[in-house]
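Undergrad: Residue numbers (the working numbering), protein chains in the order written: chain A, 11 to 477; chain B, 11 to 477; chain C, 11 to 477. Don't be surprised by glycine CBs; every beta carbon is placed ideally from N, CA and C. Can you keep this structure in mind? I'll have questions shortly.
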Amino acid sequence: MVDRYFSPEPIQRALARELYAQVKDSPLICPHGHVDPRLFATPDYRFGTPVDLLIIPDHYIFRMLYSQRIPLENLGVPRRDGGWVETDHRKIWQTVCDHWYLFRGTPTGIWLRDELRGVFGIELPINSANAPALYDAIVDRLANPEFQPRRLFERFNIEVLATTDAATDTLEYHRAIRQSGWGGRVIPTFRPDAVVNLDTDGWHEHIEQLSRVSGVTISDYRTYITALEQRRTVFREMGAKATDHAALTAFTESLNDREADTIFQRALKGETTVEDARRFTGHMLIEMARMSSEDGLVMQLHIGSYRDHNPHIFARFGRDKGADIPIRGEFTRNLKPLLDRFGDHDRLTMVLFTLDETTYSRELAPLAGVYPTLRLGPPWWFFDSLNGMNRFFDTVMETAGLYNTAGFNDDTRAYPSIPARHDLWRRASANWLAGLVVRDIITEADASEMIVDLAYRLAKQTYNLEP
Amino acid sequence: MVDRYFSPEPIQRALARELYAQVKDSPLICPHGHVDPRLFATPDYRFGTPVDLLIIPDHYIFRMLYSQRIPLENLGVPRRDGGWVETDHRKIWQTVCDHWYLFRGTPTGIWLRDELRGVFGIELPINSANAPALYDAIVDRLANPEFQPRRLFERFNIEVLATTDAATDTLEYHRAIRQSGWGGRVIPTFRPDAVVNLDTDGWHEHIEQLSRVSGVTISDYRTYITALEQRRTVFREMGAKATDHAALTAFTESLNDREADTIFQRALKGETTVEDARRFTGHMLIEMARMSSEDGLVMQLHIGSYRDHNPHIFARFGRDKGADIPIRGEFTRNLKPLLDRFGDHDRLTMVLFTLDETTYSRELAPLAGVYPTLRLGPPWWFFDSLNGMNRFFDTVMETAGLYNTAGFNDDTRAYPSIPARHDLWRRASANWLAGLVVRDIITEADASEMIVDLAYRLAKQTYNLEP
Amino acid sequence: MVDRYFSPEPIQRALARELYAQVKDSPLICPHGHVDPRLFATPDYRFGTPVDLLIIPDHYIFRMLYSQRIPLENLGVPRRDGGWVETDHRKIWQTVCDHWYLFRGTPTGIWLRDELRGVFGIELPINSANAPALYDAIVDRLANPEFQPRRLFERFNIEVLATTDAATDTLEYHRAIRQSGWGGRVIPTFRPDAVVNLDTDGWHEHIEQLSRVSGVTISDYRTYITALEQRRTVFREMGAKATDHAALTAFTESLNDREADTIFQRALKGETTVEDARRFTGHMLIEMARMSSEDGLVMQLHIGSYRDHNPHIFARFGRDKGADIPIRGEFTRNLKPLLDRFGDHDRLTMVLFTLDETTYSRELAPLAGVYPTLRLGPPWWFFDSLNGMNRFFDTVMETAGLYNTAGFNDDTRAYPSIPARHDLWRRASANWLAGLVVRDIITEADASEMIVDLAYRLAKQTYNLEP
């Protein structure tokens, strides 16, 4: 277990163990993720049941069970229509444990196992027979004040944790955290997708809310931009270091103000076309790069997720229910209009994430290897796994170089899984470096520097997280 | 040799050996392949010469020789125009052995070697000098009644073997097998491509034949559907558990009956357009899913082969002569219309096969990881190889999970190569699992379950092959 | 160090070492590259400073430094406008050494290190502190007549070196080499891109130059073809064995002479459209295949580089400055028109290179595994690296077979890096073969043949380089 995830070859393994030992206990830098800031707003936040904590919010888990014909209702996933779902959490837990074999060899399976061991100190294997005992053990731990989020934050040794917050968010919980006097560093991230992507469900309401929260009456493209800039300022005042943008493709296109306003006016009237939405998002990515080049917020781009692919799940349970599916990616041509304007900019940093691994060696590594603004984010979503990391190292590093990458982020809503996720990255990194040393590609001295870069420094530096 | 295909690292190798030992002698489940049912219709079927058996029907072998400028005529591949081809099979065999070095490191090379050893008990290396001795040895074996197909079926320990049969097939050989009283389980598979893909050579004749064999006069879309349903019933009565569909792309689209009939009528009149063919196939895939959801036949989809790419080979030698070339694949968008209607269906099982490996981690594994109807088939065609399997394990399993895959099928017309192909899969599986155990990703107990799933249970269960 | 780049597993490593020993000192076959023939035209050519030799011409190096915000001016890269660039080469060298950590784990880093050791005998690590000493040591070596290009040619044991030369090149340096009586074999390669791709900067001037150098007044498509044929004859007389063609995509299309002339006339008038350029290139690839099928020059196709992606770098520094980015590739459909006509031709050999690795297993290996004219070139550009080679072996060889590949070429303008590049290939090849032997896929006897094929014979045979 001490050698988890390392190559079995003894020399490489020994070296990986040494490198890992250097960073095993380094503070965690969490520059991108989806933990709810509410957890930290008051000192006495409690997580609810084991199912509330570990199952209902985790689409990695319930999508897999659904794929094997277990209804989401039986797992307690709330229905949009308020219809029946299982509320007996012991029963749900039993169902999950009965089918735990489905997760053999998956990162989801690994994270939960490592989390139970590492965070909760529970060594029992997850299976049908152990289900009740596991449930009781977790309940027991959660009753202990040591398992309150702030205490875990300290135990996890988190140096900084960034949440992801809508452009329209009032940041009240972030404000509460700051005002509470607690020392944990929790910062927001500016995510304007809902007001930028014209085809978002409820775009009008989001725009109205943006007006309200910014104090800028949005009547046209100009005031819309002003409102966004106002919000970015507020986010920065609350400690934000980055923005985040999701788009189906990396398509970018510069519109002039008149074109942008024409599309925006159509949207206000509810007359958006598919082409409008595509062009407006493409334009706004460039506009966001412009703002970042001015205010210094690091710009994150998550490309390639076809959201809510399964209409039955969406109709019944809503968004983010494990039914987002990647599509093919293209960056060389799509990003060119943005890069033509901002690719060489002094102050801009853009971190790119992909769901199409073929773009790593073909497009992203070559792009990051020449454009000063670009950094490649770590393997995202389905690829945040041992194989995903290995392929990332093998397809990115030779061409982009380690120093055009952005270190790790856990990108999770599952707060207690954070240490397990960083641990996997650190072990995978150590093993990769050990593989380079035993092949005489780098020296041990190089590896000692690089493991700290991978585990700690690159994330901190990319996101300007010096205190 | 006992450790063939395993990692050289001793601990992993030892573990792989143990896991493999558990399934080495398990019965073979062969749910998809192209063995001719005639082989089993009479007890005394004989294979002909070594070249009849091993060379002339094997496009893997002669395409490679052709690529090195050996004319197919010299290999005895029959010409469409009946023109000269070599008929001296000893001479052909010598030519093959003279060029056997071309197959170094290829699965084709491996299968033939393993087949000679395992099935025929011939240890002589394949090369120029040994050619005559090899030929004689094979002739000798084939003269022995032990090498009749039914005897081999028993020796191979085949539990069930599915053939692939046109929708218009009378299934007379299957009927003969059943009536013969022989205990071997050989079942048909319903493959309607020739009547579904409007641009198939001779589509009209196939439709006429479909009318004849089904007893339904096909005059429009409605009667066409009725005839297909009739055939499915007959196939099911003859033991069929599955259908099989090949398409250039995974494009699907629901047409209403009127649209479908309009296209169908144009086809009857010989006025099919390229777009007609594309849309009709896309529609029929959904229609076939509908039928499968009703009659329970597992639906197999083989996507991405550009058939008969080389016009010279096609003109001279016809179809299936090793000149089919893969194209880029797309599933996320293409399959959506089908999945919107049947992706969550209670009774439907769809098994997907791809020739574009990039779709595994990007699209297929995420899709199979959420849609209850989907299973991923094993690596197909060019990817039915050690590297293909390793990449399949590494790109599919973390996201889809083992239990959304369909086990192995040999997909071969080369009957005596069946054990060698299953053996490669079983060894590759054992080695993959051993790699997970030594990295502490799964336990040995997990691996012991998973190896049986991979080698036997998943195929049996996916295709409903319980007796 | 003796086991550099080999697997750490002892049995595989020992075997790799043995195989490598067989070819370590074999002569270098260099059938494709960009070394300047001027180096060999006179016996006393000198390289200039270490920075002239190693930094300023090497876009692999300065693109990476630029990506980390070091201006190309500071690295001495000449500006198109003649504006200031750093001329203190010691200072440039120091800057490079200060940032050498950026190259950790990259092939660029490896090559320079291996080159300093192997060619210059300098063991000092590259870092800030050692910069002055390194500079002095290189200066010292370069002053020694042993480091003149011809002497290095002999020391490197180069059997033949092909340069790459514009169709309009007078080949005067090649002529000088031949007339000098020196025994080194340096041959030209016919590269007509600048007169074939209508959208090339300065196409008109290139056409005028082609008229001049060929003595054929180019007024229409017919005379244009005649001029090209004339040049090919001259190149062949000067020893050329191959042509080379770069195209953004592999699109091919046969135009009739009238269509081709119409487009050509528009180009002469400066009225070329984007579509014209695309179709004309697509047509000329087929036309070049036609010429090769007649004159026997091996046709090389380099597909997929989006040239000069960064407009700021292009505007300031011009072409070939490390800002070319790959795009997605497609061969199955794009090459079909060419292959329909020449894919089975007796005399034609086409060597394909890709920047989209996904095309290897999906399209290129299947194509090369059936078309007699096709060979696959080694990993190109960003993929000329240990990982690139490993992926090439794993995705190409099972399907194409080793003997449909073209061996290695170094494709470099960095003359002193040639031995390091071949050494990497030879080591990677040995390690790959050792991996096959330890898995009982090939025999040691096979491996002993194959290593010589990989290191020496395949390149020599593919390019018809027998003396």
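When we look at the beta-carbon of A/V106 and count the other beta-carbons within 10 Å, is it buried (16 or more) or exposed?
TA: buried
Undergrad: Thinking C-beta only, is B/T199 closer than 7 Å to B/A172?
TA: yes
Undergrad: Is it a yes or a no for the stretch 446 to 454 of chain C touching the stretch 92 to 103 of chain B, going by three-plus beta-carbon pairs under 8 Å?
TA: No, the stretch 446 to 454 of chain C is not in contact with the stretch 92 to 103 of chain B.
Undergrad: Between the stretch 407 to 418 of chain C and the stretch 450 to 469 of chain B, do three or more beta carbon pairs fall short of 8 Å?
TA: Taking 8 Å as the limit for Cβ pairs, the verdict is that the stretch 450 to 469 of chain B does not touch the stretch 407 to 418 of chain C.
Undergrad: Return the first residue and the last residue of the beta strand (DSSP E) that B/A256 is part of.
TA: B/A256 -> beta strand (DSSP E) spans 252 to 257.
Undergrad: Quick check on the DSSP output: what are the complete alpha helix (DSSP H) runs of length 4 or more inside the stretch 159 to 239 of chain C, in order along the chain?
TA: Entirely contained in the stretch 159 to 239 of chain C, the alpha helix (DSSP H) runs reaching 4 residues are, in chain order, 159 to 166, 182 to 189, 203 to 206, 213 to 224.
Undergrad: From what residue to what residue does the alpha helix (DSSP H) around B/I66 run?
TA: Note, B/I66: premise wrong, no alpha helix (DSSP H); not H, not E.
Undergrad: Give the list of continuous alpha helix (DSSP H) stretches no shorter than 4 residues that lie fully inside the stretch 283 to 347 of chain B.
TA: 284 to 305, 321 to 327
Undergrad: What does the alpha-carbon distance come out to for the pair B/N266 and B/D350?
TA: Rounded to whole angstroms, the gap between the alpha carbons of B/N266 and B/D350 is 16 Å.
Undergrad: Kindly indicate which residue of A/C40, A/S17, A/F327 has the alpha-carbon position closest to the one of A/Y493.
TA: Because chain A in this structure spans residues 11 to 477, residue 493 of chain A falls outside the shown range and cannot be described.
Undergrad: B/T174 to B/P37, Cα distance in whole Å?
TA: 21 Å
Undergrad: In whole angstroms, what is the alpha-carbon distance linking C/D420 and C/M309?
TA: 17 Å
Undergrad: Residue range of the beta strand (DSSP E) that C/M468 falls in?
TA: In the sequence as presented, Met is not what sits at residue 468 of chain C; that position holds Leu. Counting along the chain, no beta strand (DSSP E) covers C/L468; the unbroken alpha helix (DSSP H) around it starts and ends at 468 to 472.
Undergrad: What's the gap between the Cα of A/V196 and the Cα of A/P53?
TA: 14 Å
Undergrad: For the stretch 372 to 398 of chain C, enumerate the residues whose C-beta is nearer than 8 Å to any C-beta of chain B, in chain order.
TA: Of all residues in the stretch 372 to 398 of chain C, only R372, E373, A375, P376, L377, A378, G379, V380, Y381, P382, L384 place a beta-carbon less than 8 Å from a beta-carbon of chain B.
Undergrad: Taking its Cβ as the centre, do 16 or more other Cβ atoms sit within 10 Å of A/D91, making it buried, or is it exposed?
TA: exposed
Undergrad: Please check if any C-beta of chain A sits within less than 7 Å of the C-beta of C/E83.
TA: no
Undergrad: What does the alpha-carbon distance come out to for the pair B/R73 and C/E19?
TA: 36 Å
Undergrad: Less than 7 Å separating the beta-carbons of A/S264 and A/I296?
TA: yes
Undergrad: Check for me: the alpha helix (DSSP H) holding B/L122 runs from which residue to which?
TA: 117 to 128
Undergrad: Scan the stretch 202 to 231 of chain C for residues whose Cβ lies nearer than 7 Å to a Cβ of chain B and list them as they occur along the chain.
TA: Contact residues of the stretch 202 to 231 of chain C toward chain B are absent (C-beta to C-beta distance below 7 Å).
Undergrad: Shortest alpha-carbon distance to A/D146 belongs to which of A/F393, A/Q158, A/G131?
TA: A/G131
Undergrad: At a CB-CB cut-off below 8 Å, which residues of chain B make contact with C/R467?
TA: For C/R467, no chain B residue has a C-beta closer than 8 Å to its own C-beta; the minimum C-beta separation is roughly 12 Å.
Undergrad: Could you have a look at B/I452 and say whether DSSP puts it in helix, strand or coil?
TA: For B/I452, the secondary structure class from DSSP, reduced to helix, strand or coil, is coil.
Undergrad: If you follow the alpha helix (DSSP H) that C/R276 is part of, which residue opens it and which one closes it?
TA: 267 to 278
Undergrad: Are the stretch 393 to 406 of chain C and the stretch 310 to 319 of chain C touching by the rule of at least three beta carbon pairs closer than 8 Å?
TA: no
Undergrad: Name the chain C residues whose beta carbon is nearer than 7 Å to that of A/E340?
TA: R338, listed in chain order.
Undergrad: Counting only C-beta atoms, is B/N414 closer than 7 Å to chain A at any point?
TA: yes
Undergrad: Taking the beta carbon of B/L464 as the centre, do at least 16 other beta carbons fall within 10 Å, making it buried, or is it exposed?
TA: buried
Undergrad: According to DSSP, simplified to helix, strand and coil, what is C/M360?
TA: In the three-state scheme derived from DSSP, where H, G and I count as helix and E and B as strand, C/M360 is classed as strand.
Undergrad: Using a Cβ-Cβ cut-off of 7 Å, state whether A/S439 counts as contacting chain F.
TA: Of the protein chains in this structure, namely A, B and C, none is chain F.
Undergrad: Going straight from the alpha carbon of C/G387 to that of C/A299, what length do you get?
TA: 17 Å
Undergrad: Out of C/H216, C/E182, C/H109, which one is the CA nearest neighbour of C/A277?
TA: C/H216
Undergrad: Nearest chain B C-beta to A/P117 closer than 7 Å, yes or no?
TA: yes
Undergrad: Rounded to a whole number of angstroms, what is the C-alpha to C-alpha distance between A/L208 and A/A325?
TA: Their Cα atoms are separated by approximately 20 Å.
Undergrad: Please report whether the beta-carbon of C/E285 lies at a distance below 7 Å from any beta-carbon of chain A.
TA: no
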